[in-house]
Each structure stands twice: as C-alpha cells, then as structure tokens.
Amino acid sequence: MEDKDVLVRVEGVSKKFCKNLKRSLVYGLKDAFGAINPLAKKNTSTLRKQEFWAVKNISFELRRGECLGLIGHNGAGKSTMLKILNGLINPDEGKITIRGKVGALIELGAGFTPILSGRENIYNNGAILGFTRAEIDAKIAEIIAFSEIEAFIDSPVQNYSSGMRVRLGFAIAAHLEPDVLIIDEVLAVGDLGFVLKCFQQIDKLLPHTAVIFVSHSMPMVSRICNHIILMDHGVAEYNGRDVSKGIGLYYDKFKVNDSNVVLAHEKLVLTDFSLAQISNASFSHELTFSLRNEVNDFVITDPELYVELKDKEQRPIAGKVLSLDLKMTRVEEMVVRLSFDKLTKGKYSLDVLLSDGGTPLVRHNDAVQFTQHDGEQMWVPYEIDMKQL
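In this note's numbering, the protein residues as written are 926 to 1314.
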C-alpha cells in the first residue's frame, strides 16, 4: 500500500506519570515553566522520583482497512495509549500522526453531557467529530434505530443505564463513519445481541476505516484484528501481525487456576490427578487419578466418568461419558485414555465428574491443565477435518 493509506502513524511514543499527587503537581509546574522558558533544560527521557512509564517507546502504522488489537493485563498501558491517540493527553516523547476524523469509545459515557437528551448528545458528538448538522441529520434516524433506545432518545442521558449509554455511544461513533475508530473495553457492557450487531457494523466500516480495538476478550480480538500489540507495564512485548502468536503470549502471562472441587461427597474423594502424553501417539494422553472410598460399604451401581475439555477461555469444546469398571476398594487408581487428534496448539484444561446412573457424586473443575504442543498454530481450539470430494 502507498504511504497515503496510512491513517495512524505512531513513532516512539512514551508517557510517564507520578505516583504521588503533590509531587505530580510540582513536576507539572516545572514542566509548564520549562515549556515557555527557552533556556530551561528539557529532559523527558529520565524518570524523576516516584515516576513510572505508563507507555514506553510504542511504534506502529495503521492503514485503512486494518484493525489493531491492543491487549494486556490491567495496568499494562492500553488505556493510556488510547487517550494519547485520542488527544486527551500529550506524550512526553515521540510523535503521532493521524489523518482524518477520529471516533472514540474509550470510557463509558465519555463525551456525553448528562443533562442533555440522547438526541442532543448525538448532535454534540457529531459536531465534535467535525460533521455538519446536515450530515448528522442524514444519519440520525439510523443512529437512533441502531441504538435501540428510541423510546428514551429525548430523555436525559444521566437517566440511561450503562448498556444504553454504550449503545448510543457506539451508534454515534460507527454511523458517522470516522476515518479512525477507537474502541476500548466498553463493548463488554453490552448484551450479546448488541455486541453481535456492533461487530457486523465494524465489518461494514473496516474496508474504509482504521480500527484500534482494546479488549480482554480474545475471541473478540481474534474476530476482527489483523495486527496485535501485547503490552506489559507500558512496553510492547509483541508487535506484529501473527494474531494467534500474540494471543498465545497473552495467555502465557496468566496462571491457570488450580483444581476446584465444585461438588463434594462425604464418602468419596477424587484425588491425585495427572495427565501424561503418550510418547508414540502425540495427540493421545492418559488421565490418571485416584478414587478414595472413605467407608468400606459404599457401593456405586452404575459408575460413569464425564470428562469435559475446555480451552484457554474456559469455553467447553468437547466432552465424553465413559462407563467405569470399579471394584470400590478403599483406594482405587484409574487410568483413562484420551485422544485429541485435531486439537490445535494452546492451553487447555479438563473438568472431571463422577456420577452414579446419572446422579452426580463428585466434580472437579480444572482437574488438570495441559499445553498442546503438537498440531497447527491457530486461534481456534479444534481443527476441522476437511477434504475436497
């Protein structure tokens, strides 16, 4: 693509903050004086006492038709980066060049005047984005219909629920068709039906718009993004177009929860879970665990084991019920063979449920966690077996 297609260019952008409010005010006065005094020394690259880098040396280019996903843990610097991009705060170092009109959803209710009605806020936001009243008039019916708050459009925004404010904010930003659309985690507030509508609208906008998207939902990120920046304490740990790799690195930062007993039994205990990969069959595993019978006379007439496979988003993707042959001794070790022949690379966990004739007895969530090293590097957990006939 030609250089003219670049709508957002970020070059070595850094921003620092001070943890102490009083000291921050002092630094602010010194910096303000330094800005107007040509003889004052300007040193923005050194941290002063109690300062830290919220964003450090971030660079990227975003063209029309591209979507950048900013991901990372809370406090990684994502929201600070968005505020810099939206012009709410200035960087201490680096340069940002943005071409065209910018629409932003970076905070719930941001840009709304609470005492004004939804309709009045549509015109206010449109004017801020640089649209004329005639241009807004041509779009307002679509905006109101998309937001699904027609009955409340002339009520003060301060009376809106969080979901209603998100609906209106997204409808304004998306239907006025900005050149650059910035979306923070606000979509997480909306219900599923509206979120699906939002992504359909983004699909329509994307060929003509550059989108910057921040979310902790990796399925959402993988849905629309073709460029990933993984941030950690202000630094870009990954900056590239391999979305699957970026998401994988994101998950590597989080420890998988330990086994959680969600259903216990006074006479039976499941314990000592382990999962071993079979060396000569890369997609096969052996699940080993122990059943401890706390009383000798307890009997299970129709023992069944249910194993559920979950991906790194804790979404169930497969399950199987297996009838067991139990001797019901005091302690019995069991080995179950599992095969994941189409599982892609990634982190997974298993839930285990022991039941008697369909009656649940003991359940462990995340009984074992494992990483699948074989298979394709894909975002989806399971690869379809497909061939041309």
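Note that CB positions come from ideal geometry on N, CA and C, so glycine has one too.
query	result
Cβ contact (3+ pairs, closer than 8 Å) linking the region 1006-1025 and the region 934-945	yes
Three-way DSSP call (helix, strand, coil) for serine 1215 in this model	strand
Cβ-based neighbour list, phenylalanine 985, same chain, cut-off 6 Å, excluding 5 preceding and 5 following	Val935
Straight-line Cα distance separating isoleucine 1068 from serine 1274	43 Å
Unbroken beta strand (DSSP E) run spanning aspartate 1227, endpoints	Premise fails: aspartate 1227 is in no beta strand (DSSP E) and is neither H nor E.
Contacting residues, own chain, Cβ-Cβ under 6 Å from methionine 926 (five flanking each side not counted)	At methionine 926, the pLDDT of 45 sits below 50, so the modelled position is not reliable; the number obtained from the coordinates is stated separately. Closer than 6 Å at the Cβ level, and outside the excluded window around methionine 926, lie Arg988.
Spatially closest choice to valine 1232 from Ala957, Val1261 and Phe1208, by CA coordinates	Val1261
Buried versus exposed, by CB contacts within 10 Å (16 or more), valine 1246	exposed
Cβ-Cβ separation, proline 1103 to leucine 1054 (assumed contact under 8 Å), whole Å	6 Å
Same chain, Cβ closer than 6 Å to valine 1160, five either side skipped, listed in chain order	Lys981
Classification of serine 1140 by the beta-carbon crowding that lies within 10 angstroms, buried from 16 upward	buried
Where the beta strand (DSSP E) containing cysteine 943 begins and where it ends	931-943
Whole-angstrom C-beta distance between isoleucine 1242 and tyrosine 1307, which should lie under 8 Å	6 Å
Meets three-Cβ-pair contact criterion under 8 Å: the region 1149-1165 and the region 990-997	yes
Neighbourhood of proline 1081 by C-beta distance below 8 Å, restricted to the same chain and skipping five residues each side	Pro1039, Ile1040, Leu1041 and Ser1042
Inside the region 1255-1285 only - beta strand (DSSP E) runs reaching at least 3 residues	1256-1264 and 1271-1281
Valine 981 (DSSP reduced to helix, strand or coil)	Note on residue identity: the sequence assigns lysine, not valine, to residue 981. Three-state DSSP puts lysine 981 in a strand.
Asparagine 1050 burial status per 10 Å Cβ neighbour count (16 or more: buried)	buried
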